[in-house]
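A.B. asks: Sending over a structure as structure tokens; questions will come in a sec.
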Amino acid sequence: MVKDFLRQRLSAGLKALFDTAPWAAQRLQPFSGSVIMLDLGGQRIPFAIDDQGRPGLCDAIPDQSQLTIRMPFSALPLFLSDKDAALRELHLEGNSGLAHEVGFLARNFRPDLEELLSRVVGDLLAHRITQSARNFRGWARDSGRRLSDSLSEYVTEEGRFVTGRAAVQRFSRDVAELDEAVRRFEQRMARQA
């Protein structure tokens, strides 16, 4: 029951995303009725393209699909930070025409999330939410850049003062040898006295 509800909500959300960018659905429309199987780290998720060119989740896993997209779980976070690296992790097998269109959409599809959100919370709040998200993303990118710059500066400027493992081991060995030499010296002095 819950699984069916989630499947319906996810499918409706996916179709709503495509409704914000009609050109994307038009590119998939010639493949209506086709099944795309997303293999996400071994989990198989089937999508069917409807008559309007919008993908939606299938109710059951079909025996065959026209296209299989294999993607490891590790590629998911890359879509937020480095989309090109994430796309290199995708492996498409099957209908070459459908694979070409899906690849094109993966590189170029930018749904209008503000438009989609405005249907739920209204125009003003949707604008403020998306603006806040952009500001946060900019802040996170800027903070990451600053951290990277600081680490680079530390390594190049201050890092020379940090002692490596080999130097610490050499120092420890030298201290042990000095300790042994002092002990022998004290024994010689004690014998002469």
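Quick note: the sequence shown uses numbering that gives the first Met the number 0, first residue 0, plus one each step.
Glycine included, C-beta positions come from ideal geometry on N, C-alpha and C.
(1) Per DSSP, what kind of secondary structure is Pro29 in: helix, strand or coil?
(2) I want to know whether the stretch 39-52 touches the stretch 129-146 - three or more CB-CB distances under 8 Å.
(3) By Cβ distance, which residues of its chain are closer than 8 Å to Ala24, with the 5 residues on each side in sequence left out?
(4) Any chance you could list the alpha helix (DSSP H) runs of at least 4 consecutive residues sitting entirely within the stretch 14-66, in chain order?
(5) How long is the line joining the alpha carbons of Glu176 and Phe170, rounded to whole angstroms?
(6) Is the beta carbon of Ser33 sitting closer than 8 Å to the one on Leu97?
(7) In the DSSP assignment, find the unbroken alpha helix (DSSP H) run with Leu79 in it and report its ends.
(8) Is Ile48 buried or exposed, if buried means 16 or more other CB atoms sit within 10 Å of its CB?
(9) For Phe46, does the count of other Cβ atoms within 10 angstroms reach 16, so buried, or fall short, so exposed?
(10) So what does Glu92 bridge to, in DSSP terms?
(11) CB-CB under 6 Å to Leu91, same chain, minus the five flanking residues each way: which ones, in chain order?
(12) Please tell me whether Ile35 and Ser10 are closer than 8 Å, where the distance is taken between their beta carbons.
(13) Taking the alpha-carbon positions, what's the Arg183 to Arg190 distance?
(14) Quick one: what's got a C-beta closer than 8 Å to Arg6's C-beta in the same chain, skipping five residues either side?
C.D. replies: On the basis of the supplied data:
(1) Under the three-state reduction of DSSP, Pro29 is assigned to helix.
(2) no
(3) Phe17, Asp18, Gln51, Gly52 and Arg53
(4) 21-27
(5) When rounded, the distance between both Cα atoms is 10 Å.
(6) yes
(7) Leu77 to Ser80
(8) buried
(9) Answer is buried; the Cβ neighbour count reaches 16.
(10) Thr67
(11) Excluding sequence neighbours, Leu91 sits near Ile68 and Ala98.
(12) no
(13) Here the alpha carbon of Arg183 sits roughly 11 Å from the alpha carbon of Arg190.
(14) Leu56 and Asp58
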